[in-house]
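Read in numbering that gives the first Met the number 0, the sequence shown has 115 at position 116, and its numbers run on one by one without any break.
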Amino acid sequence: MFYHTIYPSPLGDLTLLADDQALYGLWFSDQQHYGANYDLGRSTGQVTPLLTRVTTWLDAYFAGRQPDPATLPLKPEVTAFRQQVLSVIRQVPYGQTITYQEIATRMGRPTVSRAVGHNPISIIIPCHRVMGSDGSLTGYAGGIDRKIALLTLEGCDLAALRAGRAN
């Protein structure tokens with residue numbers, strides 16, 4: 000059985016979807032396509048211990064602390080290739096960034112941008128930390144304004160990023 004709840008973040012409502020064992024999805028409620036694979040009408044709005052842990056994690060994150068994402072069981076339902084991409088993204092520390100090209104190089108694959116864009120667990124799997132090779136703030140399903148807000152919250156130097164000096 001799936002459970003869902005809405006988390007009122009400072010950047011807009013987030014929908015959380017989990018079963019008893021793991022978090023399957025976390026997306027801004029107004030994001031296009033996210034949640035399309037799940038019928039929220041078939042899940043219950045019951046708050047579970049796991050959803051409580053995730054909302055506590057989000058509270059800490061939005062308070063500017065650095066909660067450890069490894070403390071949460073995650074189960075993004077994506078292809079094996081996308082799992083590999085998300086695994087690389089999960090290693091990017093709070094307040095730091097990586098480029099699409101760096102991910103591709105680490106994986107030995109020519110392109111990864113579409114796989115980065117198919118992250119069903121926003122924020123906790125920090126795809127907002129992925130930048131263009133020139134430091135451009137591109138490609139965040141939650142919107143560029145939210146990407147900027149998340150990076151700013153984490154203390155990223157946006158001027159340096161835009162100048163092509165990703166930290």
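C-beta atoms are modelled at their ideal positions from N, C-alpha and C, and glycine is treated no differently.
What residues in its chain sit with their C-beta under 6 Å from that of P66, if we drop five residues either side in the sequence? On the sequence shown, position 67 is the one that residue 66 refers to. Only W56, A59 and Y60 meet the Cβ criterion.
Strand pairing of I123, partner residues [DSSP]: Walking along the sequence shown from the start, residue 123 turns up at place 124. Partner(s): none; I123 has no beta bridge.
Assign F27 to one of three DSSP states: helix, strand, or coil. For the purposes of this step, residue 27 is taken as residue 28 along the sequence shown, with counting starting at 1. F27 falls in the strand class under three-state DSSP.
From I88 to P125, what distance separates their C-alpha atoms? Within the sequence shown, numbered from 1, the residue matching residue 88 stands at position 89. Within the sequence shown, numbered from 1, the residue matching residue 125 stands at position 126. When rounded, the distance between both Cα atoms is 6 Å.
For T104, does the three-state DSSP call read helix, strand or coil? Taking the sequence shown and counting its residues from 1, the one referred to as residue 104 is at position 105. Helix.
Return the first residue and the last residue of the beta strand (DSSP E) that D12 is part of. Translated into the one-based positions of the sequence shown, residue 12 becomes position 13. Here the beta strand (DSSP E) through D12 covers G11 to A17.
Same chain, Cβ closer than 6 Å to R105, five either side skipped, listed in chain order: In the sequence shown, the residue the question calls residue 105 occupies position 106. Hits under 6 Å: V87.
Does the region 95-111 come close enough to the region 66-75 to have 3 or more Cβ pairs within less than 8 Å? no
What separation, rounded to the nearest whole angstrom, lies between the Cα atoms of A162 and I123? Translated into the one-based positions of the sequence shown, residue 162 becomes position 163. Translated into the one-based positions of the sequence shown, residue 123 becomes position 124. So the alpha carbons of these two residues sit roughly 26 Å apart.
Alpha helix (DSSP H) containing P48: first to last residue? If you number the sequence shown from 1, residue 48 lands on position 49. Here the alpha helix (DSSP H) through P48 covers P48 to F61.
Which of helix, strand or coil DSSP assigns to S86: In the sequence shown, residue 86 corresponds to position 87, counting from 1. Helix.
From the DSSP output, in three-state form, read off V115 for me. Locating residue 115 in the sequence shown gives position 116, where the first residue counts as 1. The answer is helix: DSSP assigns V115 an H, G or I state.
Y99 and L50 - do their beta-carbons sit closer together than 8 Å? For the purposes of this step, residue 50 is taken as residue 51 along the sequence shown, with counting starting at 1. For the purposes of this step, residue 99 is taken as residue 100 along the sequence shown, with counting starting at 1. The answer is no: Cβ separation not under 8 Å.
Give the straight-line distance between the Cα atoms of W26 and E101, rounded to the nearest whole angstrom. As a working mapping, residue 26 is identified with position 27 in the sequence shown. As a working mapping, residue 101 is identified with position 102 in the sequence shown. So the two alpha carbons sit approximately 25 Å from each other.
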